[in-house]
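A.B. asks: So that we are looking at the same thing, I have put the structure below in C-alpha cells.
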Amino acid sequence: MVLNVLELVGLVAFAASGALAGVRARLDIFGVVVVGLATALGGGIIRDVLLGVQPPTTLQTWYYLSAGAATALIVFAFHPHVARLHKAVLVADAVGLGVFATAGTAVALQLDAPVYTACLIGMTTGIGGGVIRDLLLRSIPLVLRKEIYALAALLGASMVGLGHVLGLPEGPVTAVAATTVVAVRLLALWRRWNAPVARDSA
Amino acid sequence: MVLNVLELVGLVAFAASGALAGVRARLDIFGVVVVGLATALGGGIIRDVLLGVQPPTTLQTWYYLSAGAATALIVFAFHPHVARLHKAVLVADAVGLGVFATAGTAVALQLDAPVYTACLIGMTTGIGGGVIRDLLLRSIPLVLRKEIYALAALLGASMVGLGHVLGLPEGPVTAVAATTVVAVRLLALWRRWNAPVARDSA
Amino acid sequence: MVLNVLELVGLVAFAASGALAGVRARLDIFGVVVVGLATALGGGIIRDVLLGVQPPTTLQTWYYLSAGAATALIVFAFHPHVARLHKAVLVADAVGLGVFATAGTAVALQLDAPVYTACLIGMTTGIGGGVIRDLLLRSIPLVLRKEIYALAALLGASMVGLGHVLGLPEGPVTAVAATTVVAVRLLALWRRWNAPVARDSA
C-alpha cells in the first residue's frame, strides 16, 4: 500500500521531469509525452527485465501509462516559465530518483532477490529513467554530473536492504529511505557539493 | 505466413534506413552494416526481452541477420545521391515503423500477452529500432521530432489489438494496420503535420 | 577456471577504459566510477538478459562490482597524462572487447544456446560495454569508427563456437580466441586498417 503510493509519486515526478526537459528542448506535445513516459516507465521496465518479470508490470495495467501521460500533458499546458525549467527538472528528478531507488529495492526483495542484488537493482531502477531521458534529449546524463547522484540512490537502496535484514516494516522504512535520498540530492544541488576531479597529470 | 512476410519487409526497411543514415554520416562499410543490423534487429530484440523470449528470435536463425546484412551492403553499394539520403531514410523508417509496430503486436498476442500490453509492446517494437539508430548516430530521435510518429505506431498496434478482440483473421488485419501506419506517417511528413509546441511562459 | 580469470581480466580492462574515458571527459570521481562500472558490467548484463539469466550474474556477487569500482578508483588516482588518455582508452577497450566477446560466447554455450546464437550473443557482449560508455559520454561509438571492431569480435566468437563444435577444450580455445581479437584490433588501430567509405553519388 505505502509502496503503491510511493511508486505513483515517483512515476509522476519522473514523468514531470521528462516532460519539463522536453519542453525546455522545444519539443512539440507528442515529443513531450514520449520523453515523459520514457522517463517515468523506463526505470521500472529495466527493473522488471533484470528480475525476469515479463511482461513488465508497468505495461500490464493502464493506470501507470495514464498517470504518466496525464502528468506530461499537464506539464505541457502549465509548465513554469522557461527560464525556471532547469531547476524544476532537477527537483522532480530528485524525487523520482529517491522513490524509485528505494521502491525498486523493496520490489526486488519481495521477488526474493538476495539483499545485495536487490540494492543494486533498486539503484539502477532509480537512475535508469533519468539516463534514458538525458540520452534521448542528448544532454549530459545527470548521473555523470558533479553533484552526488548515484551514491544517494545507493544510500537509499541500502537503507531498505538493511531494514529488510533487520526485519523492520517495509512501508515506513521505504518512505524514510526515499525521503533521505531526496533530501541528500537536493542538499547536494543546493550546496553544490562537489567531488574531486582528476589531476591533469600523474 | 503473412506475418513472416511482413516481418521480413520491416526488417529490410529498417536495415535500409539504418544503412542509409550510416552512409549519410560518412561511416565506412563496417559501420554501415552495424547501424543497419542494430536498426533492423533492435526492435525485435526489445520485444523478445519484454516478453521473456530468450534468446531472442532474431538471434536464433541465420536468415534475419543475413537479410539485414545483405540489405545494408546493397544500400552501401547503390545508395541514392547523398543529397537525397535524408528522404530515403525517412521513407524506409516509416515502412519499418508500420510493419514492426503491427507485427510486434501480433507476435505479443500469439504469446498470450493481454491485449493492452501487446499494443504497448508492439508500439515499442516499432519505435525501438529507429531510436537505437538515432542514438548511435547521435541525431535527434525521430520519435521526438515534430511530425506524428509514436501515435501512428500506437494507432496501428491498436488496430491489431482490436482485430484480435473482434476475432478477425490476424494476417490481413496486420497487413491493413501496417499500411495505415505507413500512410499516416508519410502523410504527416509530406504535409508537415505539426503538433503545438509549449508556450514560452505560463 | 580459465573462464573466470578471463572474465575478470575483461572486467578490469573495460572498467579501466570507461574510467579513463571519464577522466578524459573531465568527470569527477563519482562520474568516473559510474562510467567505469557501466562499461565493465554492461556487456555481461546484456548477455544475461538475452539469455534469460535473471537477475544477471554480475549483480549477484559482490566481487564483480568491487573489482570494477576499485579499478575505476585506481585509474582516477593514477591515470596517465591526459594527452595520452585516448590511446589508453583504446588499448583497454581492445582487451575488454576480446575477452568479453569470447568469454560471452563460452558462457552462452554453457547455457545451451545454439552455436550460431551463442556467437551473436558473445559478439554483443563484447561490443555492449563500449557502446554504453560512448553513449553516456556522447562520443561516436568505437563500433562505428573506421577500424575493424565488430568484425574482430565476431571472429573471436566464431573461433570459440568452432572449438565447441570440434569438441576442443573450452578454456584454452577461449584464451587463444581472446588473444586473437586483441591482436587484430590493436593491429587495425596501429596500421590504421580502414574499410571503404561509400561513394558520394550512385
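Protein chains in written order, with numbering that gives the first Met the number 0: chain Z, 0 to 201; chain W, 0 to 201; chain A, 0 to 201. All C-beta atoms in this analysis are idealised placements derived from N, C-alpha and C, irrespective of residue type, glycine included.
Which full runs of the alpha helix (DSSP H) of 4+ residues lie inside the segment 93-166 of chain W, going along the chain?
C.D. replies: Those alpha helix (DSSP H) runs which fall completely within the segment 93-166 of chain W and span 4+ residues are 114-135, 149-165.
A.B. asks: Going by other Cβ atoms of all chains shown within 10 Å of its Cβ, with 16 needed for buried, is glycine 166 of chain A buried or exposed?
C.D. replies: The residue in question, glycine 166 of chain A, is exposed, as its Cβ has fewer than 16 Cβ neighbours within 10 Å.
A.B. asks: For arginine 23 of chain Z, count neighbouring Cβ atoms within 10 angstroms of its own Cβ and tell me buried if that reaches 16, exposed if not.
C.D. replies: So arginine 23 of chain Z counts as buried.
A.B. asks: What residue does the alpha helix (DSSP H) around alanine 12 of chain W start on, and which one ends it?
C.D. replies: Per DSSP, alanine 12 of chain W belongs to the alpha helix (DSSP H) from 1-23.
A.B. asks: In angstroms, rounded to a whole number, what distance separates the CA positions of cysteine 118 of chain W and glutamate 169 of chain W?
C.D. replies: Answer to the nearest angstrom: the Cα atoms are 14 Å apart.
A.B. asks: Answer with buried or exposed for aspartate 47 of chain W, where buried requires no fewer than 16 other C-beta atoms within 10 angstroms of its C-beta.
C.D. replies: Buried, because 16 or more other Cβ atoms sit within 10 Å of the Cβ of aspartate 47 of chain W.
A.B. asks: Taking a cut of 8 Å between CB atoms, which residues from the segment 126-152 of chain Z lie near chain A?
C.D. replies: So the close ones are Val130, Leu134, Arg137, Ile139, Pro140, Val142, Leu143, Arg144, Lys145, Ile147, Tyr148, Ala149, Leu150.
A.B. asks: Would you report the Cα separation of leucine 135 of chain Z and glycine 127 of chain Z, rounded to the nearest angstrom?
C.D. replies: When rounded, the distance between both Cα atoms is 12 Å.
A.B. asks: Give me the Cα-Cα distance between leucine 7 of chain W and tyrosine 63 of chain W, rounded to the nearest whole angstrom.
C.D. replies: Going by the C-alpha atoms only, they are around 8 Å apart.
A.B. asks: Counting only C-beta atoms, is valine 88 of chain Z closer than 8 Å to chain W at any point?
C.D. replies: Not one chain W Cβ lies under 8 Å of valine 88 of chain Z.
A.B. asks: Name, going along the chain, the residues of the segment 4-28 of chain W whose beta-carbon falls closer than 7 Å to a beta-carbon of chain A.
C.D. replies: Of all residues in the segment 4-28 of chain W, Val22, Arg25, Leu26, Asp27, Ile28 have a Cβ within less than 7 Å of some Cβ in chain A.
A.B. asks: Let me see if you follow: with CB-CB separation under 8 Å, is alanine 174 of chain W close to chain Z or not?
C.D. replies: No, because no Cβ of chain Z sits closer than 8 Å to the Cβ of alanine 174 of chain W.
A.B. asks: Is any beta-carbon of chain W found at less than 8 Å from that of valine 1 of chain Z?
C.D. replies: Judged by the 8 Å Cβ criterion, valine 1 of chain Z is not in contact with chain W.
A.B. asks: So proline 55 of chain W contacts chain B; which residues on that side make the cut at Cβ distance below 7 Å?
C.D. replies: The chain inventory of the structure shown lacks chain B, comprising the protein chains Z, W and A.
A.B. asks: Nearest CA to the CA of phenylalanine 99 of chain W: which residue from W/Gly17, W/Gln59, W/Gly51, W/Ala39?
C.D. replies: Of W/Gly17, W/Gln59, W/Gly51, W/Ala39, the residue nearest in Cα terms is W/Ala39.
A.B. asks: Do we get a CB-CB distance below 8 Å when we pair leucine 119 of chain A with the residues of chain W?
C.D. replies: So yes, leucine 119 of chain A belongs to the interface.
A.B. asks: By the 10 Å Cβ neighbour count, where 16 or more other Cβ atoms means buried, how is proline 171 of chain A classified, buried or exposed?
C.D. replies: Proline 171 of chain A is exposed by the Cβ-count criterion.
A.B. asks: For the structure I just gave you, are there three or more beta carbon pairs, one from the segment 68-79 of chain Z and one from the segment 145-157 of chain W, closer than 8 Å?
C.D. replies: Flag = no, the segment 68-79 of chain Z and the segment 145-157 of chain W do not touch.
A.B. asks: Sorted by chain position, which residues of the same chain lie with C-beta nearer than 7 Å to valine 11 of chain W's C-beta, five sequence neighbours on each side aside?
C.D. replies: For valine 11 of chain W, where only same-chain residues beyond five positions count, the Cβ hits under 7 Å are Ala66, Thr70.
A.B. asks: For chain A, find out if any of its Cβ atoms is closer than 8 Å to the Cβ of valine 106 of chain W; answer yes or no.
C.D. replies: Not closer than 8 Å to any Cβ of chain A, the Cβ of valine 106 of chain W fails to qualify, so no.
A.B. asks: Give the single residue among A/Val183, A/Leu108, A/Leu150, A/Leu96 whose Cα lies nearest to the Cα of arginine 132 of chain A.
C.D. replies: If we check each option's Cα against that of arginine 132 of chain A, A/Leu96 comes out closest.
A.B. asks: Assign glycine 51 of chain A to one of three DSSP states: helix, strand, or coil.
C.D. replies: Here glycine 51 of chain A sits in coil by DSSP.
A.B. asks: Under 8 Å between the Cβ atoms of isoleucine 44 of chain A and proline 54 of chain W?
C.D. replies: Result no, Cβ atoms of isoleucine 44 of chain A and proline 54 of chain W do not sit closer than 8 Å.
A.B. asks: What separation, rounded to the nearest whole angstrom, lies between the Cα atoms of serine 200 of chain Z and phenylalanine 75 of chain A?
C.D. replies: Residue placement at serine 200 of chain Z is flagged as unreliable, the pLDDT there being 48, under the threshold of 50; a coordinate-derived value is accordingly withheld.
A.B. asks: For my contact list, leucine 185 of chain W and alanine 93 of chain W are in at a C-beta cut-off of 8 Å; report their separation, rounded to the angstrom.
C.D. replies: Their Cβ separation, rounded to whole angstroms, is 5 Å, which keeps leucine 185 of chain W and alanine 93 of chain W in contact under 8 Å.
A.B. asks: Work out the CA separation of threonine 179 of chain A and serine 16 of chain A for me, nearest whole Å.
C.D. replies: Going from the Cα of serine 16 of chain A to the Cα of threonine 179 of chain A covers about 19 Å.
A.B. asks: Please list, in chain order, the chain W residues whose beta carbon lies closer than 8 Å to that of threonine 116 of chain A.
C.D. replies: Correct list: Pro54, Leu58, Gln59.
A.B. asks: Proline 113 of chain W touches chain Z at which residues, Cβ-Cβ below 8 Å?
C.D. replies: Those within 8 Å of proline 113 of chain W in chain Z are Gln59.
A.B. asks: To which residues of the same chain is leucine 50 of chain Z closer than 7 Å at the C-beta, ignoring the five residues directly before and after it?
C.D. replies: Within the same chain, leucine 50 of chain Z has close Cβ partners Ala107, Leu110, Ala112, Ile120.
A.B. asks: Taking DSSP as the reference, what is the three-state secondary structure of arginine 190 of chain Z?
C.D. replies: Reduced to three states, the DSSP call for arginine 190 of chain Z is helix.
A.B. asks: Can you confirm whether glycine 166 of chain W, when its beta carbon is compared against all beta carbons of chain A, has any partner nearer than 8 Å?
C.D. replies: No - not a single Cβ of chain A is within 8 Å of the one on glycine 166 of chain W.
A.B. asks: Since I believe leucine 72 of chain Z is in contact with valine 33 of chain Z (beta carbons under 8 Å), could you give me their beta-carbon distance rounded to a whole number of angstroms?
C.D. replies: Not confirmed; about 12 Å, so no contact.
A.B. asks: With a threshold of 8 Å between beta carbons, is glycine 30 of chain Z in contact with chain W?
C.D. replies: Taking Cβ atoms only, chain W reaches closer than 8 Å to glycine 30 of chain Z, which makes this a yes.
A.B. asks: Which residue marks the beginning of the alpha helix (DSSP H) containing threonine 57 of chain A, and which one marks its end?
C.D. replies: No alpha helix (DSSP H) holds threonine 57 of chain A; DSSP gives it neither H nor E.
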